[in-house]
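Counting in this note's numbering, the sequence shown runs from -14 upward without gaps. Beneath this line is the structure, given in structure tokens, with notes to follow.
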Amino acid sequence: MKKVASILHLLGVYLSNKQINQTTKNAATLNFIISDDEFIPIAYFQTLKAMKKYKVDEILESIKFSNNIFELNVDRTCLRRTRPFDDFNIEVVEIENSSSTKRENILVSFGFPEYANLDDVILLFSNFGEVHDVSAFNSKDFTEYYNSSDNKIINDEEELHRKRNGKSYKVKFATMDSLISALINQHYFEGLKIWVRPYIEEINSENEILNLLPSHLKKGKTDYPLNRVVYFDLKFLDMNLQLKKKIKLLLEKFAPIVLIDYDYIPNFGFCRLKTSVADLICDLINKEGGLILDEINIPVKLMQGKEEKLYWKVSKEREKKKSVQNLHIRKRLLNSSRGVNNSLNKKNRGIKRSTENWIDETLSSPVEEIYAEGRKENNRKRISTDLNQGKLIFNEKRKPLRGKRLKLFENIKKKEDTQIFNNLLTSFSKLDV
């Protein structure tokens, strides 16, 4: 990017009004006259001292980032400016900004088998638009982390760590719409899933990295997923189940979704996406006139910045509250299982106290090991949780737990997973204590 900015800066100097006027005065020393409507051979710029070090291909590539200030002729051997400008410094600032944020229509695909070739890749991605170029790509892929609440819903097939597997290719499309269409769809090659992601050029400095990011991402890392939520106003519609199904079908045409939240703000819908393409989806939907519901065009807006942070915070608290309610329901079911003449009330009260402590201290936490402590220290028995079947297995004598007191000690690795604890309570309800 630095090289591109340098080339565009020099072109901005040489093609400014001031420089062209000086060149015209000294036209006798040149083989041609520079004017506003005449193309200038690129070979001429290479004769200039400041641009001798740049190759023709580098100059041609830089023109793509000029924000239409410069243009090439048909055979790509000459260039000219598209409009006159006096103060080239102002133009250069605009050029540099556009070059740092310009998006190439390129994606990286990986997961192809060894016998796949370029023709196979072109055939696969040509379904989404015209493919300009395909080349091999060798690089370690990135790792993307999802929000923990999304992990419960997203299919196991889409793992948190998208590891590079097999051959990788770089695919360049003719238009941005083709790129977006390819990014938001799933791809398979002879039964194998092919992963895709946008292509990002290698960046040499921290400042250039910040220039490529939206402003609300420059402040640092966040504890919530970014660019995942779009929202729309539904106050002019009479909401019902059929309309909600229609909204879901419309949104699923553009990108895979996790859920649509209608409870965050009344008369609004908040769509949570599986991947961070919310900004692209907004542009794509609004370009088609928005969501068309009951002959009403509803624009889709991007949630970002403080609004996005607040949404995830509120959603997390709502899910936490819902988890507590579910745990209390299971706790009441557990306490309702009593023996003859209520002879086990005391033991059930002990289980209740332990359950309440569990809720307060380790809400929704996966448990690998628990220990049961009887009256005597030497009667301690280790119990392991079978995560697959949700059953308790006793390592000693394979007998159910008995005793008046039951104390649980947990070994926690990560939080916010209620499924394991629900299985644990279900198993306790089956114990013949």
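For each residue, glycine too, the CB sits at the ideal point set by N, CA and C.
- For S153, the enclosing beta strand (DSSP E) starts and ends at 152 to 158.
- With contacts defined as CB atoms closer than 9 Å, Y249 and V299 qualify as a contacting pair.
- In the structure shown, the three-state DSSP call for V59 is coil.
- Residue environment: T67 is assigned as exposed (fewer than 16 neighbouring CB atoms within 10 Å of its CB, all protein chains considered).
- Note on geometry: alpha-carbon atoms of P284 and K229 lie some 16 Å from one another.
- Contact between S(-9) and F70 does not hold, since the beta-carbon distance rounds to 18 Å and is not under 8 Å.
- Between the beta-carbon of E99 and that of K152 there is about 6 Å, and that keeps the pair under the 8 Å contact cut.
- In this structure E293 is buried. Its beta-carbon is surrounded by 16 or more other beta-carbon atoms within 10 angstroms.
- DSSP, reduced to helix, strand and coil, places F255 within a strand of the structure shown.
- For S163, the enclosing alpha helix (DSSP H) starts and ends at 161 to 168.
- C267 and I165 have their C-alpha atoms some 11 Å from each other.
- In the three-state reduction of the DSSP assignment, V41 falls in the helix class.
- The DSSP-derived three-state label of K220 is coil.
- Under DSSP, V181 takes part in a beta bridge, and its partners are S94.
- Looking at the DSSP output, I245 bridges to C256.
- Judged by their CB atoms, M36 and L(-5) are nearer to each other than the 9 Å cut-off.
- For L177, same chain residues with a beta-carbon under 7 Å away, outside a window of 5 residues either side, are G96, P98 in chain order.
- Beta bridge pairing from DSSP links V119 with V156.
- Cβ-Cβ distances below 7 Å link P183 to L92, L168 in the same chain, with the five nearest sequence neighbours on each side left out; the list follows chain order.
- The C-beta distance from R257 to I270 rounds to 15 Å, too long to fall under 8 Å, and the pair is not in contact.
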